[in-house]
Amino acid sequence: MRKTFLSASIARVAGAVAQAAMGIALARSVAPSEYGVVTALIGVFLVWFIVADVGMSSFAGRSYAVGKIDEVRTILWFSGRAALGGTIGGVALLALVVPGVPRTLLAALSLLVIAQGLEKYCETRLAVVIAADLATAVATSILLRRLVSCAVFLLLLVADAGPGTMLYAIGMASGAAIGSVHIRQLLRRHGVVARRATAVVDVLRRSVPFAINDLSVQSRALDVFLVAALTSPAGAGFYSAASKLTSPFQLLSSTLAAVVLPATARADYGARRRLLRAVVGLTAVLTILAAPVGWFGTEVSVLLLGDAYASAGPLVAVFVVTFPVVALATPLAALLQGMGRERFVGLQSLVSSVLLLGAVAAGGWWWDEMGAATGFAVAAVGKYLSLALAAFVGTRRERSVATQARE
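If you read the sequence shown in the numbering used here, its first letter stands for residue 1342, the second for the next number, and so on.
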């Protein structure tokens, strides 16, 4: 499992660099106001597909780890149909959400919805590949999608083949489509074929706690939409550009979570305690390293995004310093899920998400995009601390139970 995590982490970092390059190139090729609208809608439809998936992308890895192969087959069967239905419904919803936009922009946004549906299809299957400890396959799946997307987008952009948003959508859809074919064939070769092998109702019932947590974690993607509604499209563009400089590297945290969940499910209390300390220690180290980078937020913003985004500098500082607690809250939640506390995690994540969006909205109303970023940071730190405390209490309780059993 360590080899799988290392391979997946390296691939995620490389993929994150490619995704960051795409985000920077997109920001430079369009006005901040258009960038704000595009990223706000991407966030809305990310949450849309989380709802359609009903927690299957998280549930699949745990089911495979405990040997429930028929359940995994049913999960994959359902997730494929959920991705298709979510895509069709998302494209239809898009026409209602953004009436009156130019046809080219509407076509680009529709293509991005299709790309997100394919990404969700891949990520559910990737959770099974990670749980199966197929290190090389994990890295290949991640890199194939990210590098193809980046290469197609940048080549089209250099060739000046069309509007930046359309070229970005073509790149994202290309990588996701190729990745979908690859991971489907990979699982077939290992005997994991999507089919209705168990009762779908039972699978849905058991996946609901995972769905609540996934929705709560990803609902932060609605923050740009809130900023756009409460400030302006340009303000949303500055906020989004600042947050996107760190968000690609949160792909690493999702990989860590996918590894932590099955590993925790198999581990005893001692191994769980060591894993918890490692995650908390990593958070502290990354926060110390991030602080100096945040000090130069304006310089980083201008260097990467251009002079048009100079106003995003203070926001960059906030997101860079907050990044470690945001990223590593996900593996903390996965650790608790692996301990069998998925219902607690679901409830905690739901409450935290409501508080986070409320803090972003209040901050945006009070102090524009800078207030929104500050509200986001305060809520994110609160969520991390509550998860860490619950994990420490849980492992301590497990140790007490084990000690009493030996006596």
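Just so you know, even glycine gets a beta-carbon here, dropped at the ideal spot from N, CA and C.
Sort the options by Cα distance to residue i and report the nearest one.
i	options	result
residue 1368	1509, 1419, 1357 and 1601	1509
residue 1413	1545, 1469 and 1517	1469
residue 1528	1395, 1482, 1507 and 1571	1482
residue 1463	1645, 1660, 1619 and 1520	1520
residue 1696	1504, 1362 and 1563	1563
residue 1365	1582, 1671, 1691 and 1700	1582
residue 1513	1739, 1552 and 1454	1454
residue 1531	1478, 1601, 1544 and 1493	1478
residue 1598	1585, 1620, 1578 and 1612	1620
residue 1713	1736, 1684, 1573 and 1591	1573
residue 1736	1553, 1493, 1610 and 1632	1610
residue 1452	1429, 1471, 1473 and 1472	1429
residue 1436	1515, 1425 and 1449	1449
residue 1684	1485, 1409, 1547 and 1533	1547
residue 1473	1408, 1664 and 1673	1408
residue 1756	1526, 1687, 1357 and 1729	Since the displayed the chain opens at 1342 and closes at 1748, residue 1756 lies outside it and no answer follows.
residue 1669	1628, 1458 and 1427	1628
Could you give the distance in angstroms between the alpha-carbon of residue i and the alpha-carbon of residue j?
i	j	result
residue 1539	residue 1411	6 Å
residue 1576	residue 1377	7 Å
residue 1720	residue 1647	30 Å
residue 1639	residue 1569	21 Å
residue 1475	residue 1594	18 Å
residue 1397	residue 1461	10 Å
residue 1400	residue 1535	15 Å
residue 1636	residue 1662	9 Å
residue 1677	residue 1716	26 Å
residue 1724	residue 1690	8 Å
residue 1760	residue 1495	Any answer about residue 1760 is impossible in this case: the structure gives the chain only from 1342 up to 1748.
residue 1666	residue 1355	21 Å
residue 1615	residue 1543	34 Å
residue 1704	residue 1571	10 Å
residue 1466	residue 1738	34 Å
residue 1656	residue 1447	29 Å
residue 1440	residue 1731	45 Å
residue 1551	residue 1502	42 Å
residue 1741	residue 1607	19 Å
residue 1612	residue 1522	37 Å
residue 1624	residue 1634	16 Å
residue 1541	residue 1419	8 Å
residue 1729	residue 1391	24 Å
Give the range of the alpha helix (DSSP H) segment to which residue i is assigned.
i	result
residue 1523	1505–1530
residue 1409	Premise fails: residue 1409 is in no alpha helix (DSSP H) and is neither H nor E.
residue 1637	Segment: none, residue 1637 is in no alpha helix (DSSP H) and carries neither H nor E.
residue 1557	1541–1559
residue 1380	1373–1394
Using a Cβ-Cβ cutoff of less than 7 Å, which residues in the same chain neighbour residue i once the five nearest sequence positions on both sides are dropped?
i	result
residue 1560	1388, 1694 and 1698
residue 1733	1617
residue 1370	1498 and 1505
residue 1445	1504 and 1507
DSSP on residue i, reduced to helix/strand/coil?
i	result
residue 1655	helix
residue 1533	coil
residue 1439	coil
residue 1474	coil
residue 1572	coil
residue 1609	coil
residue 1502	coil
residue 1352	helix
residue 1681	coil
residue 1669	helix
residue 1597	helix
residue 1361	helix
residue 1347	helix
residue 1587	coil
residue 1366	helix
residue 1426	helix
residue 1538	coil
residue 1647	coil
Here's a check: name, in chain order, each residue in its chain whose Cβ is nearer than 6 Å to the Cβ of residue i, leaving out the five neighbours to either side.
i	result
residue 1423	1393 and 1394
residue 1359	1487, 1488 and 1491
residue 1659	1714 and 1718
residue 1380	1565 and 1581
residue 1417	1535
residue 1431	1386, 1389 and 1454
Determine, using beta carbons only, whether residue i comes closer than 8 Å to chain C.
i	result
residue 1387	The chain inventory of the structure shown lacks chain C, comprising one protein chain alone.
Grab me the residues of residue i's own chain with a C-beta within less than 8 Å of its C-beta, minus the 5 sequence neighbours each way, in chain order.
i	result
residue 1643	1650, 1651 and 1654
residue 1347	1476
residue 1438	1382 and 1385
residue 1602	1399, 1402, 1403, 1406, 1675, 1676, 1678 and 1679
residue 1645	1365 and 1586
Could you check if residue i belongs to the surroundings of the ligand ATP, using beta carbon to heavy atom distance under 7 Å?
i	result
residue 1402	In the structure on display, the ligand ATP does not appear, and there are no ligands present to speak of.
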